[in-house]
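In the numbering used here, each number is its position in the sequence shown, counted from 1, plus 24.
Data block below; observations after.
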Amino acid sequence: HDLQLRAGAQLKVVRPIDPKDDYVAAIGDNRKMLVFPIAELVEMTRGQGLQLQRFRDGGLSDARTFVFAEGLSWAMGGETGRTRTEHDLSSWRAARGAAGRMPPTGFPRDNRFD
Numbered sequence: 025h026d027l028q029l030r031a032g033a034q035l036k037v038v039r040p041i042d043p044k045d046d047y048v049a050a051i052g053d054n055r056k057m058l059v060f061p062i063a064e065l066v067e068m069t070r071g072q073g074l075q076l077q078r079f080r081d082g083g084l085s086d087a088r089t090f091v092f093a094e095g096l097s098w099a100m101g102g103e104t105g106r107t108r109t110e111h112d113l114s115s116w117r118a119a120r121g122a123a124g125r126m127p128p129t130g131f132p133r134d135n136r137f138d
């Protein structure tokens, strides 16, 4: 598929989606994280888009898909190479387009999942 953006529009995040993934996690520049079912993403007609998360100021910092039953994992900062997995995501689970909440303790300060 060709991707065409309107004048002044900017593509922020592009990631492949594993067919097994059933949820989306999004985090904004404002450090608010949101988790919602991937089924809430619909394929739009050409020239349109959809809102993953609502932001008062700033925009999307990162997004990724994952298997909800396996939890959401991210690399911890530093040189240790450790990974943290959060299994209880109920605090961040909401409908697509919601504002989100502050991420779990230990989430990277650069607001990136990897």
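Don't be surprised by glycine CBs; every beta carbon is placed ideally from N, CA and C.
Remember, predicted model here, so these are calculated numbers, not experimental data.
Item, Value
"Residue range of the beta strand (DSSP E) that includes Ile62", "Here Ile62 belongs to no beta strand (DSSP E), and DSSP marks it neither H nor E."
"Outcome for Asp81 when other beta-carbon atoms lying within 10 angstroms are tallied against a minimum of 16", "exposed"
"Bridge partners - Val48, DSSP secondary structure assignment", "Phe60 and Thr89"
"Beta-carbon separation (whole angstroms), Ala87 vs Asp138, contact threshold 8 angstroms", "With 8 angstroms as the limit, Ala87 and Asp138 do not qualify as a contact, their Cβ atoms being about 11 angstroms apart."
"DSSP bridge partner residues for Thr109 (one or two, in chain order)", "Ser97"
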